[in-house]
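Each remark here refers to the structure printed beneath this line.
Quick look at the structure:
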């Protein structure tokens, strides 16, 4: 059984829930966090949409590559593992390493937030580091240094931002799933706007203007977070750094931790395919898709905006889930995530069949991509926010941010593997390349269904609550995820 907090602590929790100001039936803090994520994604996705194209089109070419500080040693290390790489293979491998580390560091950042700095300090420090990293991309010489600032800043920032969403709700509050979808709307709104802005700046004014705007976006995100912090807990009483009286982990807590660690590589099977859409997909589009619309050529980075279509799909999916719930047929979280994998597999397979619609030059129409993004984004809506909800619900309270960091290991692992699989792009047919990815993500769906059968053993009890509130906090207590 989960440890129960003192009765007076539970009563204070209920009162805090009732008194907390709401907006559209949710705590206002959810919208502060979602607004912060809009600008974080404008920063992150804006840079990411340019990165592979920038490396292939400029940075790794003669006249530039020689000036990158430390790049000779970096390339020698990478090729000692992979063997000699072409410029395109080196770019996709570098992108894969970047994504894998960027989603690895939230584990460290979450632990720092839980045990050392607290949520807010970690978020502010991480945001400042990411801002510096974007501005350092303006110079060839500081490319690798910029990558270090970006990946470690992302660890501190993202490792502590999203876990706060779950901390605004009781563990059994059905609104928690909806809250993560609201947060995902902010994420996808930023992801939609970012490539349009940075892609246009890069095309008309140069790569570095696009990267510079990403840095400005990160600064705006910090301002949104700090100015709206009054709607968030003044102190995170759940963390050890803010509440030394927080209960130690018991046997059931450790069982939940072990279950989530085992779930991480299963989640990675989805992110292998999704990460490839951020990576080699841009090169495949350049080679096999006609990007002209009525004589206008769409910049390839704009496709990352189309990939943010979940901002439109999320309200529809939420309405569908509510309709299912009223009839008692809403699927559980693990089933939702598995459905997301199967849908994403269908979308990835669609890319492999693009040759069916190819013209005499071997290029498919851009409409083929529109179908892919619609299907794959529906899969993302079912999978990604639901997986976050699973981790934050099952995680022990005092390790909430740390276990969110464990979840991001799946994105890190997926990004790394996608980088390795990207080297197949020049050696196999497009049909075989995308079919491999479809099979991987479909296998993830099957495995998630099996994990769902075992999940009941680690579900938290209904009485899991915080210990009594700290003296001097403005909001007495925060419901745990």
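Numbering (the numbering used here), first residue to last: 22 to 502.
Cβ atoms here follow ideal geometry from the backbone N, Cα and C, with glycine treated the same way.
{"Query": "Proximity below 8 Å, CB of residue 293 to CB of residue 458", "Result": "yes"}
{"Query": "Residue 313 - DSSP class collapsed to helix/strand/coil", "Result": "strand"}
{"Query": "Ordered list of alpha helix (DSSP H) runs contained in the region 162-241, each at least 4 residues", "Result": "164-182, 184-187 and 196-226"}
{"Query": "Sequence-distant residues of its chain with Cβ nearer than 7 Å to residue 211 (five each side left out)", "Result": "58, 59, 60, 61, 62, 63 and 66"}
{"Query": "Proximity test, residue 176 beta-carbon vs the ligand MN heavy atom, cut-off 7 Å", "Result": "Ligands are entirely absent from the displayed structure, and the ligand MN is therefore not among its contents."}
{"Query": "Cβ shell of residue 433 (< 6 Å), same chain only, five flanking positions each side left out", "Result": "121, 124 and 125"}
{"Query": "Residue 313 classed as buried or exposed, judged by whether at least 16 other C-beta atoms fall within 10 angstroms", "Result": "exposed"}
{"Query": "Cα-Cα separation, residue 118 to residue 77", "Result": "16 Å"}
{"Query": "Which of helix, strand or coil DSSP assigns to residue 346", "Result": "helix"}
{"Query": "Nearest candidate by alpha-carbon position, reference residue 80, set 316, 115 and 377", "Result": "115"}
{"Query": "Of the listed residues 354, 335, 379 and 178, nearest to residue 410 (C-alpha basis)", "Result": "354"}
{"Query": "Close-in-space but distant-in-sequence residues of the same chain around residue 317 (CB under 6 Å, 5 per side omitted)", "Result": "none"}
{"Query": "Simplified DSSP state of residue 320, which is helix, strand or coil", "Result": "coil"}
{"Query": "Test item: CB-CB of residue 398 and residue 334 under 8 Å", "Result": "yes"}
{"Query": "Contact between the region 415-432 and the region 280-290 (3+ Cβ pairs under 8 Å)", "Result": "yes"}
{"Query": "Residue 206 burial status per 10 Å Cβ neighbour count (16 or more: buried)", "Result": "buried"}
{"Query": "Endpoints, the alpha helix (DSSP H) within which residue 473 is located", "Result": "451-475"}
{"Query": "Helix, strand or coil at residue 379 [DSSP, three-state]", "Result": "coil"}
{"Query": "Where residue 352 sits in the DSSP three-state scheme", "Result": "coil"}
{"Query": "Sequence-distant residues of the same chain with beta carbon closer than 6 Å to residue 158, five excluded per side", "Result": "167 and 232"}
{"Query": "Whole-angstrom C-beta distance between residue 177 and residue 208, which should lie under 8 Å", "Result": "With 8 Å as the limit, residue 208 and residue 177 do not qualify as a contact, their Cβ atoms being about 18 Å apart."}
{"Query": "C-alpha distance - residue 509 paired with residue 436, whole-angstrom precision", "Result": "Residue 509 cannot be examined here, being either before or after the span of the chain that is shown, 22 to 502."}
{"Query": "Exposure label - residue 184; buried when at least 16 CB within 10 Å", "Result": "buried"}
{"Query": "Closest Cα partner of residue 150 within the set 402, 137, 172 and 474", "Result": "172"}
{"Query": "Per-residue DSSP class, three states only, for residue 359", "Result": "helix"}
{"Query": "Sub-8 Å separation of residue 4 and residue 54 beta-carbons", "Result": "Residue 4 is absent from the structure shown; the chain starts at 22 and stops at 502."}
{"Query": "Where the alpha helix (DSSP H) containing residue 98 begins and where it ends", "Result": "92-103"}
{"Query": "Same chain only: Cβ atoms within 8 Å of residue 452, ignoring 5 sequence neighbours per side", "Result": "373, 374 and 376"}
{"Query": "Separation of residue 180 from residue 244, as counted between CA atoms", "Result": "18 Å"}
{"Query": "For residue 48, the three-state DSSP class (helix, strand or coil)", "Result": "strand"}
{"Query": "In DSSP terms, what residue 386 is bridged to", "Result": "311"}
{"Query": "Per-residue DSSP class, three states only, for residue 400", "Result": "helix"}
{"Query": "Neighbourhood of residue 162 by C-beta distance below 8 Å, restricted to the same chain and skipping five residues each side", "Result": "88, 89 and 90"}
{"Query": "Same chain, Cβ closer than 7 Å to residue 396, neighbours up to 5 away in sequence not counted", "Result": "364, 367, 368 and 371"}
{"Query": "Assigned secondary structure, residue 124 (DSSP; H/G/I helix, E/B strand, else coil)", "Result": "coil"}
{"Query": "Backbone secondary structure at residue 279 - three-state DSSP", "Result": "helix"}
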